[in-house]
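First residue of the sequence shown? That's 1 in UniProt numbering, and the numbers climb one at a time after it. Here is the structure we will look at, set down as structure tokens.
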Amino acid sequence: MVDTELTGATAHGRPGRTPKKDAGVLVIGLGRFGSAIATTLDRLGQDVLAVERSPELVAQWAGRIPLVEADAANPDALDQMGARDFGVAVVGVGSYLEASVLITGNLVDLGTPQIWAKAVSAEHARILQRIGAHHVVLPEADAGSRVAHLVSGKMLDYIEVEDGFTIVKMRPPRETQGFTIEQSKIRDRYGVTVIGVKSPGREFVYAQPDTRIAANDLLIVSGHADLLERFAARP
């Protein structure tokens, strides 16, 4: 369907939920990054509207998510589609630096409360931050760093929170197996904290001093990245 109130923009597919003022997420660009965010938010029941200028991508996603065909580098198009009514905007356009910068700048001018922008390099990230993006994501660099940690030891998942503080899922070192957390003295010996334990066929439990660790358990452990690396490297 065509929304005649949108100059140079066409709405496609099922209508999205009308967001309240400063609510909902506007996702600009339906490449792999943007489409993953838009579809996940939509599946979770969030107010989301995707914006894409490529007719091919619009045809691919029409009917699957709330979608508008428009060029977000045009400030008038953004304004007329109601972009200022969204509390969060995600700029998934990363490969085209000029478009990424223009779109981010347009959102800054609209006063969007939270702007997340994809960058493809450190230089690109610095530019986006300087013009007002609140959060800049480098997906390939972040994924590469995460995978490097995973392939180097017993870690099964790795999330760096901030300033080196990290949470990992890992197999227990041999010296902890068969002992309680208190007996293992993991925090005293290694400087990391076991948050929880997941035994096969059982529900996740938060770790207590008397929680016993078995060889086939999964541990959720927090601490500084360097200390976690050393703990995970134990045989």
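Quick reminder that beta carbons are idealized off the backbone N, C-alpha and C, glycines included. Treat the numbers as computed from the prediction; the structure is a model and nothing was measured.
- Under the three-pair Cβ rule at 8 Å, the stretch 54–69 does not count as touching the stretch 105–121.
- A straight line joining the alpha-carbon of Lys185 with that of Arg212 spans about 12 Å.
- Around the Cβ of Leu156, a 10 Å sphere holds fewer than 16 other Cβ atoms; the residue is exposed.
- In the structure shown, the three-state DSSP call for Ala89 is strand.
- Distance check between Ala62 and each of Gln129, Leu30, Val161 and Ala141 places Leu30 closest, using alpha-carbon atoms only.
- The beta carbon of Ile37 is closer than 6 Å to those of Val27 and Val90 in its chain, skipping five residues each way along the sequence.
- In chain order, Gln114 and Ile115 place their CB closer than 6 Å to the CB of His134, counting only its own chain and leaving out the 5 sequence neighbours on each side.
- Arg43 and Glu69 have their C-alpha atoms roughly 21 Å apart.
- By the CB criterion at 8 Å, Val205 and Gly191 fall outside the cutoff.
- Of Ile220, Ala99 and Leu110, the smallest CA-CA separation from Met81 is found for Leu110.
- Scanning the UniProt domain "RCK C-terminal" (153–235) from its first residue to its last, the whole beta strand (DSSP E) runs of 3-plus residues come out as 155–162, 165–170, 193–198 and 218–224.
- Non-local C-beta neighbours of Ile159 in its own chain, meaning closer than 7 Å and more than five positions away in sequence, comprise Thr166 and Ile167, ordered along the chain.
- With fewer than 16 other CB atoms across the displayed protein chains lying within 10 angstroms of its CB, Asn216 is exposed.
- Residue burial is scored here from C-beta neighbours: Asp142 has fewer than 16 other C-beta atoms within 10 angstroms and is therefore classed as exposed.
- Excluding residues up to 5 positions away in sequence, Val101 lie with their Cβ nearer than 7 Å to the Cβ of Ile127 in the same chain.
- The beta carbons of Ala50 and Leu67 sit closer together than 8 Å.
- Taking 8 Å as the cut-off, the beta carbon of Asp47 is found closer than this to the beta carbon of Ala23.
- The beta carbon of Arg187 is closer than 6 Å to those of Thr193 in its chain, skipping five residues each way along the sequence.
- Residue state for Ile65 is assigned as coil, using DSSP reduced to three classes.
- If the five residues before and after Leu41 are omitted, its C-beta is found closer than 7 Å to the C-beta atoms of Val25 and Val48, all from its own chain and listed in chain order.
- Residue range Gln114 to Lys118 is occupied by the beta strand (DSSP E) that includes Ala117, with no alpha helix (DSSP H) assigned at that position.
- Closest in C-alpha terms to Asp85, from the list Thr112, Ala72, Tyr96 and Ile103, comes Thr112.
- Excluding five sequence positions before and after Pro75, the CB atoms of its chain that fall closer than 7 Å to its own CB belong to Asn106 and Asp109, given in chain order.
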